[in-house]
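A.B. asks:
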Amino acid sequence: MLSSKYNWKLKQNNINGDAVNQLASELGLEPLVVKLMFERGYDDADKIKHYLNPDTSDLNDPFLMHDMQKAVDRIDAAIEKGEQITVYGDYDADGLTSTSILYETLVEMGADVRYYIPNRFKDGYGPNIKAFQKIIDSGTSLIVTVDNGVAGFDAIEEANKLGCDVIITDHHELPQKLPNAYAIVHAQLGEHTYPFQYLSGAGVAFKLATALMDEIPQDKLDLAAIGTVADLVSLTGENRALVQFGLNVIHLTVRPGLKALIKRAGIDLDQVDEQDIGFNIAPRLNALGRMGDANMGVDLLTTVDDDQANELAKKTEKKNDQRKLLVSSITDEAIEQASLPKNRDRETLLIVGKNWHTGVLGIAASRVKDKFHKPTVVVSIDDKNQTAKGSGRSVKGFDLFKALDGERDLMDAFGGHAMAVGLTVPAANLDKLAKQFEQSAANQQVDLTQKPTLKIDFKVTPDEIDQKLFQQIQTLSPFGTDNECPRFDVEPVTLTNVQAIGKSQDHLKFQLVGEHSRIPAIDFGMGETASEVSLLSANVNVAGTLNENEWKGHTNIQLMVDDLKVDGTVVLDKRTTRLTKSMFANDGTYIFFNSKLYQQLKTYVGPHSQTLLASSVNKDISDGAVYIVDCPETLDEFKKLVNHLKNPKIILYLYKKNHILSLGMPERSQYAKLFKFVETNKNVKISDNIRSVAQHLQVPANILVFMLQVFNELGFITIQNGILNGISNPDKQNLSTSPTYQLREEQLKVEDALFNVSPSDLVKIVNGIGN
614 MLSSKYNWKL
624 KQNNINGDAV
634 NQLASELGLE
644 PLVVKLMFER
654 GYDDADKIKH
664 YLNPDTSDLN
674 DPFLMHDMQK
684 AVDRIDAAIE
694 KGEQITVYGD
704 YDADGLTSTS
714 ILYETLVEMG
724 ADVRYYIPNR
734 FKDGYGPNIK
744 AFQKIIDSGT
754 SLIVTVDNGV
764 AGFDAIEEAN
774 KLGCDVIITD
784 HHELPQKLPN
794 AYAIVHAQLG
804 EHTYPFQYLS
814 GAGVAFKLAT
824 ALMDEIPQDK
834 LDLAAIGTVA
844 DLVSLTGENR
854 ALVQFGLNVI
864 HLTVRPGLKA
874 LIKRAGIDLD
884 QVDEQDIGFN
894 IAPRLNALGR
904 MGDANMGVDL
914 LTTVDDDQAN
924 ELAKKTEKKN
934 DQRKLLVSSI
944 TDEAIEQASL
954 PKNRDRETLL
964 IVGKNWHTGV
974 LGIAASRVKD
984 KFHKPTVVVS
994 IDDKNQTAKG
1004 SGRSVKGFDL
1014 FKALDGERDL
1024 MDAFGGHAMA
1034 VGLTVPAANL
1044 DKLAKQFEQS
1054 AANQQVDLTQ
1064 KPTLKIDFKV
1074 TPDEIDQKLF
1084 QQIQTLSPFG
1094 TDNECPRFDV
1104 EPVTLTNVQA
1114 IGKSQDHLKF
1124 QLVGEHSRIP
1134 AIDFGMGETA
1144 SEVSLLSANV
1154 NVAGTLNENE
1164 WKGHTNIQLM
1174 VDDLKVDGTV
1184 VLDKRTTRLT
1194 KSMFANDGTY
1204 IFFNSKLYQQ
1214 LKTYVGPHSQ
1224 TLLASSVNKD
1234 ISDGAVYIVD
1244 CPETLDEFKK
1254 LVNHLKNPKI
1264 ILYLYKKNHI
1274 LSLGMPERSQ
1284 YAKLFKFVET
1294 NKNVKISDNI
1304 RSVAQHLQVP
1314 ANILVFMLQV
1324 FNELGFITIQ
1334 NGILNGISNP
1344 DKQNLSTSPT
1354 YQLREEQLKV
1364 EDALFNVSPS
1374 DLVKIVNGIG
1384 N
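Going from the sequence shown to my numbering is simple: count from 1 and add 613.
1. Quick one: is residue 969 buried, meaning 16 or more other Cβ sit within 10 Å of its Cβ, or exposed?
2. How long is the line joining the alpha carbons of residue 890 and residue 1035, rounded to whole angstroms?
3. Hey, out of 1287, 916, 1274, 1187, whose CA is closest to residue 1359's CA?
4. For a minimum of 4 consecutive residues, which ranges assigned as the alpha helix (DSSP H) are wholly contained in the segment 916 to 999?
5. If we call anything under 8 Å between Cβ atoms a contact, is residue 1189 one with residue 1266?
6. Take residue 1000 as the anchor and find which of 974, 963, 1043, 793 has the nearest alpha-carbon.
7. What residue range is occupied by the uninterrupted alpha helix (DSSP H) comprising residue 1054?
8. Which of the three DSSP states is assigned to residue 1112 in this structure?
9. Take residue 614 and list the residues in its own chain whose beta-carbon comes closer than 7 Å to its own, dropping the five residues that flank it on each side.
10. Whole-angstrom Cβ separation of residue 816 and residue 784, contact assumed at under 8 Å?
11. Near residue 857, what residues of its chain come up, given a Cβ to Cβ distance below 7 Å and the 5 sequence neighbours on each side ignored?
12. Decide if residue 799 is buried, meaning its Cβ has at least 16 other Cβ atoms within 10 Å, or exposed.
13. Do residue 833 and residue 822 count as a contact pair if the criterion is CB distance below 8 Å?
14. So for residue 1033, helix, strand or coil by DSSP?
15. My output table needs one value for residue 1373: the three-state DSSP class, helix, strand or coil.
16. Let's test the definition: count the other Cβ atoms within 10 Å of the Cβ of residue 1026 and tell me whether it reaches 16, buried, or not, exposed.
17. Mind the definition here: the segment 723 to 736 touches the segment 920 to 940 only if three or more C-beta pairs lie below 8 Å; say whether that holds.
18. Using the three-state DSSP reduction, which class does residue 1097 fall into: helix, strand or coil?
19. Output the residue ranges of the alpha helix (DSSP H) runs that lie fully inside the segment 706 to 781 and measure 4 residues or longer, sorted by chain position.
20. Please state whether the Cβ-Cβ distance between residue 716 and residue 902 is less than 8 Å.
21. For the alpha helix (DSSP H) containing residue 1320, name the first residue and the last one.
22. Look up residue 1266 in the DSSP assignment and say whether it is helix, strand or coil.
23. Would you call the segment 1079 to 1098 and the segment 1118 to 1128 touching, i.e. three or more CB-CB distances under 8 Å?
24. Buried or exposed: residue 859, going by 16 or more other Cβ atoms within 10 Å of its Cβ?
25. Suppose contacts are defined by Cβ-Cβ distances below 8 Å. Is residue 1016 in contact with residue 985 by that definition?
26. If you draw a straight line from the alpha carbon of residue 866 to that of residue 875, how long is it in whole angstroms?
27. Residue 846 and residue 811: beta carbons closer than 8 Å?
28. What are the start and end residues of the alpha helix (DSSP H) that includes residue 1354?
29. List the DSSP bridge partners of residue 1135.
30. Indicate whether the contact test is met: 3 or more Cβ pairs, each with one atom in the segment 1079 to 1086 and one in the segment 639 to 650, closer than 8 Å.
31. Compute the beta-carbon to beta-carbon distance between residue 758 and residue 781, rounded to the nearest angstrom, for a pair I have assumed lies under 8 Å.
32. Is the beta carbon of residue 1206 sitting closer than 8 Å to the one on residue 1246?
33. Mind checking who residue 697 pairs with in its DSSP beta bridge?
34. Any idea if residue 993 is buried or exposed, counting beta-carbon neighbours within 10 angstroms, 16 or more meaning buried?
35. Cβ atoms of residue 1171 and residue 1234: under 8 Å apart, would you say?
36. Below 8 Å between beta carbons: does that hold for residue 712 and residue 862?
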């Protein structure tokens, strides 16, 4: 059922309007853009100018970072002595770019260097004892970790025993006790002497490369940008500068592998932005680690051979295609399981599959969590060892790590943080874990029924959205964590040209109609709602961000939709002449006007729904969806019911098998023919001859039945045991005094009001009654 996915929260902009207008005039910016800058803490001309035009001063001195000098001295000594160095990376996009940055730097410095990317399934994340032993056995005497290491106690102790030094470069959360490494290069160590503490793994590797080369390695900014965006770190301060500079380098990159990868993704090299990194480049690199061995990711990013680059990009694309297919199929199965009645009332979800690819379970868990807004763990049971392995993702406010940390006795392995976990569980313990998981929701006392919050920057109208506004907003980019793309609430608008698009009709497209302009809008993954959205009334608010779309040489500004919100009640037109059991599958309140139909169909309604007769509704209903099943006999009873409905959603089935509007009321001449017929024909066996009599009188059979009922009520005829006779000299009476005649008049009014109207007009009628 269509409803807003979020609770919208408009930011309170207590900003001096005069100061905004003055700065806007001084800087040549739109006032709205200056307001956005004020919101982000840039409240004077110098701050805004510097923010919009970062320079190398935004890149901090790498030697301010903890143990940087110690790490540089040890690496320099290793190069001078000809020691073998191994860069130990990670299998995600941040880890692959980190590895590539440091590996390239050491090659350029003349080091005897190689790299090792751990296998997600064999080695796991971070320093691995067996992997370290293998590396050291091959002749390495110095291991430098990138994008990992601060939690690698055991492997680093083993390396120390074997006479191999380990330098850690990492950005992850620091444990209470640090490993006994030769040096730990980390922005958050050393009493925060480094000015910026939110670097990615690639960012830290880039700082080490800068320190080693004693200059900013401009040609590696592209890799630093990819790793920074991919790891969803704060896009403020130094990270903003790294990404902005890095995007410029990407546009001119000479890396054959990166160019081939971008071409495979269908992106124009000179137009790559942070969105392209986040949604196209990073997922392809991440796919390598999810599907198996990710070492070729470093090969791809560092090769100088065009042929090798094209071949590696082709293989990467294939891995990504495989990853997408797996994610799609597993997610579909997981959503189907999450929708089962046994899970409907749960506040948490533990989804269990068999022999699913464990490399994509985190993505599946995230998608299930987004759809149901419940903390979700997705695991797969390996039939061979009856062990379930998987990942969990949480919703805001619910500490997933805390929820499961107390159940370690049920698990073979467990780790993570508040929003994401990984775990391995004996299959026999899953039921108990699910029970404890659900109990944890009660223990944390988090209201999981609340929708997540959607922060809105400003309200605008469609007429305020134009190319100039978009271009100035883009000066605030790159957008990402802590520097989100401005989100607008496009105030009540009419939607038009609503349609589902895409190969599988997965996406929703429509236009926002203002007084003077129409703005295209697209809502990804919401194609299934097209029919419902097309029936919405005019008072629709749309929340989203602006994007530029180019198609066949034409460029326009479109809204990337986050959510829709209807001002008032959502009324959906589902008028029908046929009722099926599936129409009663959704939870809600089903209201009938006809008591006989109510008795026949109330068993179709599920246990989480209720059925009511309209005549029994004498107080307001405000919870859940209401389905008006059948057609009322009078407009008054329809209006009376609707006035009691305060629900956010009303679905109109208005079932009626046979409509009479096209036939209308009989003409006076037809009544006269019937009157003459009963005067001249006695003892007519009307029950057997209704059709022949109708044919004789040249009226439809059902109209004849109606007229006979009227005549009978007015005392013009008698019908006994199916025998029709006229009454001699009956009293004169007006036809409209007949109850049957009056009922038909009402039914015609009902059909004219509720059926002889367009879907949009029907919605207006219902909203008009409710107001």
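Every residue, glycine too, gets a C-beta built ideally from N, C-alpha and C.
These figures come from a predicted structure and were not determined experimentally.
C.D. replies: Looking at the coordinates:
1. buried
2. 25 Å
3. 1274
4. 919 to 951, 954 to 957, 974 to 985
5. yes
6. 1043
7. 1043 to 1057
8. strand
9. Bear in mind that the predicted position of residue 614 carries a pLDDT of just 47, short of 50, making it too unreliable to give a figure here.
10. 7 Å
11. 667, 1091
12. buried
13. yes
14. strand
15. helix
16. exposed
17. no
18. coil
19. 706 to 721, 742 to 750, 766 to 774
20. no
21. 1314 to 1327
22. strand
23. no
24. buried
25. no
26. 11 Å
27. yes
28. 1352 to 1367
29. 1122, 1173
30. yes
31. 5 Å
32. yes
33. 725, 753
34. buried
35. no
36. no
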